[in-house]
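Going by the working numbering, the letters in the sequence shown line up with residues 1087 to 1441, in that order.
For glycine and all other residues, C-beta sits at the position ideal for the given N, C-alpha and C.
No experiment lies behind these values; they were computed from the predicted model shown.
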Amino acid sequence: LGFVGTASLSVVHAYFAEDDILVLRNVLSHPDPAALAKLPEVEKPIIFREVLTDRFHDITDKEKQSVLVWGEHKSGKSTFVQETIKAEMHQGRVVLHAAATTNDTLERLLARLFRWRGNAHWVRRLLRIPTRSTEMPEIDPEELTHLDNPHGLPLLVIDNINKLSTETIFRLLGTAKEFVDKRIGVFVFVLSSGAKGKEFTIHSAMSRVEMLYVGDLTENETLKYLKDVGRTEEEARRIFGLVGGRWEYLLKARTSPFDFNAFRTKWFKEIEAQVLKVSATGWDEDDTLLFLFLFLQGSGQVKSDVFVKKADGTEEAVGRMLKANLIQYRLDESKYELHSQLVKSYLEKKKEGGV
C-alpha cells in the first residue's frame, strides 16, 4: 500500500500491490483479539433511531462505500455508532475501533486500529515508507491464508476524525476508498462537524463516502424519552421547547427532583459564557449577538458565502463561533445554522431583553 499524489492535498491516490492486499485481508480476518471493539455498555433507556440504523446497515451491507457519521458535539453520534455496531458484532462481523488524536499520522492511526506489534513500523512497511527499523519481520504472502468472513467485510471505526490534520484526513479518505475497492474493509468515520466539517466536502474520495447525519431527536422521541425517565407531560414539553431534542441536554434533564427554572438558568449561563468568549477575541458582545440574530430570520439558515461576508468577511470570525458551539455547519446543505434549539431560545430571550 503506497501513496502518490500532486502538490494538492485534495488529489491523493492510494494503490495496492496484490501481496499487500493479502496481508491486510489476513490481518483483518484474524485480528489481534485486543483490537476487537468491546461490546459497548449503553446507558438505558436509549432512543432507538430506527431510520438511521436501517440506513447504516444498508450502506455497510452493500460494502461499496465508507460511512461518515456526523453531527454536532454531544448529539449522540458515538452512542448511535456503538449501538449499531453491537448488532453487527453479535452477528459475527469483525469490528475494530480507534479514536483519533491530534498527534496522529495515518501510520500511527492505522497501527493503533490494527493493534499491530512494533507500533507504526508495520504500517510504514505497507505504505512503502522508508524506515530505519531492522526489527520488521519478513512477510511471506504465500504462507498467509485468507478466510472470507461470511458476515461481511470488517468494519473499521475511527472516532473523533475531526482531530486529525487536513493532510491525514485526505490520506485516510484515499485509503478508505481503496479498502472498499479491494474488499479489505469498510471504514466508519465519526465526525463532530465544527470547523473541520467543510474540509470533507472538497476531497474527491468523498464520492465514495455516504454521509449519515445524526441530528436531534424528534419531538415525539424526545417526549417519550423524558417521560420514560420520570418527567411529567408538562415538564417534557417545556424542556423540548427550550433545548429541542439535543441529547446532551436531555441527559441532564433526568435529575430528580427537577426544577425547570434552575435548568434553564444553568444552560443560559453556559451560552452567555460562550458569547462572551467569542466577543473577547475582537468583537464586542453586541456585534456577536447581531451576527447571531441573523439566524432568527426566515428559515434559520444562512448560506456559507453570505454568512462569511457578513461576519467580518473572514473564515476566522466564523471559526470562532463554530468553536464556541454557537453555530454549526451543515455538510449536506453547505449552510450555517444555530448550534442548537437552546442557542435559539437564548437569543430569542436576549432579543426580548429577558436574559
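Across which residues does DSSP place residue i in a beta bridge pair?
{"i": "residue 1244", "result": "1184, 1275"}
{"i": "residue 1295", "result": "1152"}
Assuming residue i and residue j form a contact by the criterion Cβ under 8 Å, report the distance between their Cβ atoms to the nearest whole angstrom.
{"i": "residue 1298", "j": "residue 1271", "result": "Actually they are not in contact, since the Cβ atoms of residue 1298 and residue 1271 sit about 18 Å apart, beyond 8 Å."}
{"i": "residue 1364", "j": "residue 1374", "result": "5 Å"}
{"i": "residue 1278", "j": "residue 1419", "result": "At roughly 17 Å, the Cβ-Cβ gap does not stay under 8 Å, so residue 1278 and residue 1419 are not in contact."}
{"i": "residue 1378", "j": "residue 1433", "result": "6 Å"}
{"i": "residue 1326", "j": "residue 1308", "result": "5 Å"}
{"i": "residue 1275", "j": "residue 1199", "result": "Between residue 1199 and residue 1275 the Cβ distance is about 12 Å, and since that is not below 8 Å, they are no contact."}
{"i": "residue 1324", "j": "residue 1354", "result": "Contact flag wrong, Cβ pair sits at about 14 Å."}
{"i": "residue 1387", "j": "residue 1421", "result": "4 Å"}
{"i": "residue 1171", "j": "residue 1243", "result": "7 Å"}
{"i": "residue 1246", "j": "residue 1185", "result": "5 Å"}
{"i": "residue 1413", "j": "residue 1402", "result": "That pair is no contact at about 14 Å."}
{"i": "residue 1478", "j": "residue 1179", "result": "Residue numbering for the chain in the displayed model covers 1087 to 1441; residue 1478 lies beyond these limits and cannot be assessed."}
{"i": "residue 1313", "j": "residue 1294", "result": "Going by Cβ atoms, the distance from residue 1313 to residue 1294 rounds to 42 Å, so no, they are not a contact pair."}
{"i": "residue 1151", "j": "residue 1296", "result": "5 Å"}
{"i": "residue 1187", "j": "residue 1249", "result": "6 Å"}
From what residue to what residue does the alpha helix (DSSP H) around residue i run?
{"i": "residue 1145", "result": "1136-1148"}
{"i": "residue 1310", "result": "1305-1314"}
{"i": "residue 1322", "result": "1319-1329"}
{"i": "residue 1372", "result": "1371-1378"}
{"i": "residue 1336", "result": "1333-1338"}
If you run the structure through DSSP and keep just helix, strand and coil, what is residue i?
{"i": "residue 1429", "result": "helix"}
{"i": "residue 1300", "result": "coil"}
{"i": "residue 1346", "result": "helix"}
{"i": "residue 1251", "result": "coil"}
{"i": "residue 1161", "result": "coil"}
{"i": "residue 1170", "result": "helix"}
{"i": "residue 1259", "result": "helix"}
{"i": "residue 1199", "result": "helix"}
{"i": "residue 1192", "result": "helix"}
{"i": "residue 1359", "result": "helix"}
{"i": "residue 1438", "result": "coil"}
{"i": "residue 1341", "result": "coil"}
{"i": "residue 1405", "result": "helix"}
{"i": "residue 1269", "result": "coil"}
{"i": "residue 1237", "result": "coil"}
{"i": "residue 1111", "result": "helix"}
{"i": "residue 1087", "result": "Note that residue 1087 scores 34 on pLDDT, short of 50, meaning its location in the model is unreliable and no value can be drawn from it."}
From what residue to what residue does the beta strand (DSSP E) around residue i run?
{"i": "residue 1153", "result": "1152-1157"}
For chain C, check one thing: does any of its Cβ atoms lie closer than 8 Å to the Cβ of residue i?
{"i": "residue 1377", "result": "Protein chains in the displayed structure number just one, and chain C is not present."}
Could you tell me whether the stretch 1324-1338 touches the stretch 1302-1312, using the rule of 3 or more Cβ pairs below 8 Å?
yes
Can at least three beta-carbon pairs, one atom from the stretch 1174-1186 and one from the stretch 1308-1324, be found at a separation below 8 Å?
no
Are the stretch 1191-1199 and the stretch 1246-1256 in contact at 8 Å, needing three or more beta carbon pairs?
yes
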